[in-house]
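Scroll down for the structure; my scribbles are underneath it.
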Amino acid sequence: MVLLMMFSLKPWSRGLALALPLAVLLTACDKSDKPVTPPAAPHTTYTQASWEALPAVSDADLQAGFAAWRSACVRLKADAVWGPTCAAAASVAVAPDATQIRTFLQGQLQVYSLRADGGSADGLITGYYEPVYPGSLTRTATANVPVYG
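Here the sequence shown is numbered in my numbering, starting from 156 and rising by one per residue.
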């Protein structure tokens, strides 16, 4: 078919008709992977710190945070690292006050100060939060709004 098209082209465009597909084919054959050197990760220094070095947290925030911690433990209790801490969280009172929560946190977790190469305490730490909403395929008193998707 290409050969038939070439004979129907004007003489000056026959060279272009051959060169263009050839250029496309040769470009597609280029296998030269240029190595990309990733930038060096910044060095971070972790230094053990005290609980007193942390900013103050309100009792309401502490109680809401601990409730979220416990709900995360449903998945983390099987984890080798977090399992013992989640088991200890289950032993704290069902509706703990701020003092009980602080005692638990200080007994189970260690505070660290993070510093960048130059000693700077400024930086960015990322994380994520995955909201979990209960739902139902049938309408109930607590699930009265349909979920689409």
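Each residue gets a CB set at the ideal place from its N, CA and C atoms; glycine is no exception.
A227 and E285 have their C-alpha atoms some 10 Å from each other. Straight through space, the alpha carbons of G274 and L264 are spaced by roughly 24 Å. When DSSP reads this structure, L269 sits in a beta bridge with Y201. For the 8 Å CB-CB criterion, A271 and G262 do not form a contact. The C-beta of I256 has 16 or more other C-beta atoms within 10 Å across all chains shown, which makes the residue buried. Note on the region 207–273: whole beta strand (DSSP E) runs with a minimum of 3 residues are 267–270, in chain order. Three or more Cβ pairs closer than 8 Å define a contact, and the region 240–253 meets that threshold against the region 209–218. The criterion of a C-beta distance shorter than 8 Å is satisfied by L269 and Y201.
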